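One structure is given below, encoded as structure tokens.
Numbering (the working numbering), first residue to last: 12 to 97.
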């Protein structure tokens, strides 16, 4: 049985964030703080989370929301949720 190809969570999330912030992909550095460095507001943050949930068909627990501060943290949380989903 063939193994499903790994999904590129980092690039997918980076693209979602760039689209919602209306910025270039190159502006989204792995450790750039979404609010302080990229100017994300709470409505944008909710839009990012909703897009991630829809794309991967997952539910992000509310207690994880404060941890979504940059690309690295967001990718790590989403990968963890996806791992538990399998």
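Ideal Cβ placement from N, Cα and C applies to all residues, glycine included. All values derive from a computational prediction rather than experimental measurement.
Secondary structure of residue i, DSSP reduced to three states
i, result
"residue 38", "helix"
"residue 46", "coil"
"residue 65", "helix"
"residue 81", "coil"
"residue 88", "helix"
"residue 54", "helix"
"residue 59", "helix"
"residue 19", "coil"
Own chain residues within Cβ distance below 7 Å of residue i, not counting five before or after
i, result
"residue 42", "81, 83"
Neighbourhood of residue i by C-beta, 8 Å cutoff - its chain only, sequence neighbours within 5 removed
i, result
"residue 90", "20"
"residue 3", "Absent from the model: residue 3. The displayed extent of the chain is 12 to 97, so no value can be given."
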